[in-house]
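Below is one structure; the comments refer to it alone.
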Amino acid sequence: MFVPLLQVALGGALGASARYLTGVAAMRLIGPGFPWATLVVNIFGSFLMGVLIVVLAHKGETRLAPFLMIGVLGGFTTFSAFSLDALTLFERGQVWVAAAYVIVSVVFSLGAIVAGLVAARGFFA
1 MFVPLLQVAL GGALGASARY LTGVAAMRLI GPGFPWATLV VNIFGSFLMG
51 VLIVVLAHKG ETRLAPFLMI GVLGGFTTFS AFSLDALTLF ERGQVWVAAA
101 YVIVSVVFSL GAIVAGLVAA RGFFA
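Counting in the numbering used here, the sequence shown runs from 1 upward without gaps.
Printed below as a string of structure tokens:
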């Protein structure tokens with residue numbers, strides 16, 4: 001029990017750090033106004049989750065799942081931040097932007113996890 005907990009903690013620190021750096025980069029490159037960093041990490045994180053599900057299962061490496069899937073990707077993806085961003089847009093009166101943000105986030109994240117599964121399955125086929 002202690003080893004998986006350490007894996008999750010280390011992975012979470014790495015994932016959260018990557019999330020933070022993505023936010024800093026997005027702010028520098030694009031600027032404020034729309035939560036691009038949150039959108040990107042949720043979609044990319046979902047894609048990676050799909051890939052990891054297949055790769056870890058194919059390799060029989062379930063011992064890495066706590067580190068990679070719960071830790072790294074759990075720290076990297078940001079549905080709590082997503083919720084706050086959507087609410088903030090809504091409270092600013094940007095109802096249609098908030099709605100579009102929610103729809104795009106959910107649809108593209110689901111699409112990305114399917115794409116990750118398909119890509120990884122194709123690689124191991």
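Cβ coordinates follow ideal geometry from the N, Cα and C atoms, glycine included.
Using a Cβ distance threshold of 8 angstroms, G71 and L10 count as a contacting pair. Annotated as proximal: A120 and V51, with beta-carbon spacing under 8 angstroms. The residue among V95, G74, A13 and A98 with its C-alpha nearest the C-alpha of F44 is G74.
Counted as a single uninterrupted DSSP element, the alpha helix (DSSP H) harbouring Q7 occupies residues F2 to L29. The stretch 22 to 40 makes contact with the stretch 80 to 98; the number of CB pairs closer than 8 angstroms reaches 3 or more.
Taking each of L5, G12 and F2 in turn and checking the Cα distance to F76, the smallest one comes out for G12.
When DSSP states are grouped into helix, strand and coil, P32 belongs to the coil group.
Distance from the CA of V3 to the CA of A65, rounded to the nearest whole angstrom, comes to 12 angstroms.
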